[in-house]
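Asker: Would you mind keeping the following structure in view while I ask a few things?
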């Protein structure tokens, strides 16, 4: 498994893009630092470097346990775990020919009107995709899934598939999120 990461710039700041490849297929993840949360790209890149050996020693089949491995080794970095987990899920989807909706979403959707009273769920703050997709089944309350558009569309397919698990979805760009 090969693992790459680099810094990209957007009109509202720097962010880190990761790529995981098996030489045939690749999965992409991204991490947007939020200064008001005490994050910056240097710290993010340092944590990614800590995770490097775990990712490089993994296989495509580790897509369903990579987040737990990372969390066990170096806990409390949910945004980075989320990006790596998303990249693994995308890679697995491509390598096995399984749609992301079948892998992490649900194909049957119910139309709902907007629920302004529901709690907002930012998947990057939780980190584990398999936990996020289970939240609607575990809790009786409704959540609004915040589907965030990354500057170059990174993780869009993963986030869109994950959003299918929720009755309420709000789409924001990172520019909008950072100005809230």
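Numbering (this note's numbering), first residue to last: 1019 to 1198.
Built from N, CA and C at the ideal position, the CB exists for glycine as well.
Computed from a prediction, not measured in an experiment: that's the story for all the values here.
(1) Going by the CB atoms, is the gap between residue 1033 and residue 1069 shorter than 8 Å?
(2) Excluding the five sequence neighbours on either side, which residues of its own chain have a C-beta within less than 8 Å of the C-beta of residue 1023, listed in chain order?
(3) Apart from the five residues just before and just after residue 1142, which ones in its own chain have a Cβ nearer than 6 Å to its Cβ?
(4) Determine the direct distance from the alpha carbon of residue 1120 to that of residue 1027, and round the result to whole angstroms.
(5) Can you tell me whether residue 1028 is helix, strand or coil according to DSSP?
(6) Do residue 1139 and residue 1153 count as a contact pair if the criterion is CB distance below 8 Å?
(7) Is it true that the stretch 1069 to 1081 meets the stretch 1101 to 1112, where meeting means three or more beta-carbon pairs spaced less than 8 Å apart?
Answerer: Quick answer:
(1) No, the Cβ-Cβ distance between residue 1069 and residue 1033 is not below 8 Å.
(2) Closer than 8 Å at the Cβ level, and outside the excluded window around residue 1023, lie 1034, 1035, 1036, 1037, 1063, 1066.
(3) If we look at residue 1142 and ignore the five residues flanking it on each side, its Cβ neighbours are 1097, 1100.
(4) In this structure, the alpha-carbon of residue 1027 lies about 33 Å from that of residue 1120.
(5) It is a strand residue.
(6) Between residue 1153 and residue 1139, the CB-CB gap stays under 8 Å.
(7) Enough Cβ pairs lie closer than 8 Å, so yes.
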